Amino acid sequence: MKAKFVHRCTHVLDKAKTIAFYEKALGFHVVRESGPADGSWTNTFMENDASPFQLELTWNRGRTEPYANGGDDTHIAFEVDDYDAFHRLHEEMGCIVFENHAMGLYFIVDPEGQWVEIIPAKG
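The following block contains the structure:
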């Protein structure tokens, strides 16, 4: 038996802002979007060229209260090929929320409050 990790769903209030964040911060792009004809909700799937992993952004029309997508310990993580270049980009974006220099990693936060761990590539 095998199980393959394929996506992580997170709920969003501002879909456009969150899509733009992941495009700029981690090189993601939209691969598909689905939802009913009445537009009451959408599931937007994003991925990048480094991995088959996808982010699923779920948006619900009329929602105004922020979602509880997890606290500081609930996060997704990305291994990056050029740690210093990503760090500079994320500093420019103003999205770094925590750095652990001893462990050689840091966290950024997306527009919905989801923490994202940035780890240098092994090798």
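Sequential numbering from 386 applies to the sequence shown in my numbering. Each residue gets a CB set at the ideal place from its N, CA and C atoms; glycine is no exception. Since the model is a prediction, treat every value here as computed from it, not as a measurement.
Residue of 431, 433, 447, 404 minimising C-alpha distance to residue 423: 447
Minimum length 3: unbroken beta strand (DSSP E) runs contained in the region 396 to 472: 414 to 419, 426 to 433, 436 to 445, 460 to 465
The region 483 to 491 touching the region 393 to 406, judged by at least three CB pairs closer than 8 Å: no
Under 9 Å between C-beta atoms of residue 430 and residue 418: yes
Per DSSP, the bridge partner or partners of residue 474: In DSSP, residue 474 forms no bridge with anything.
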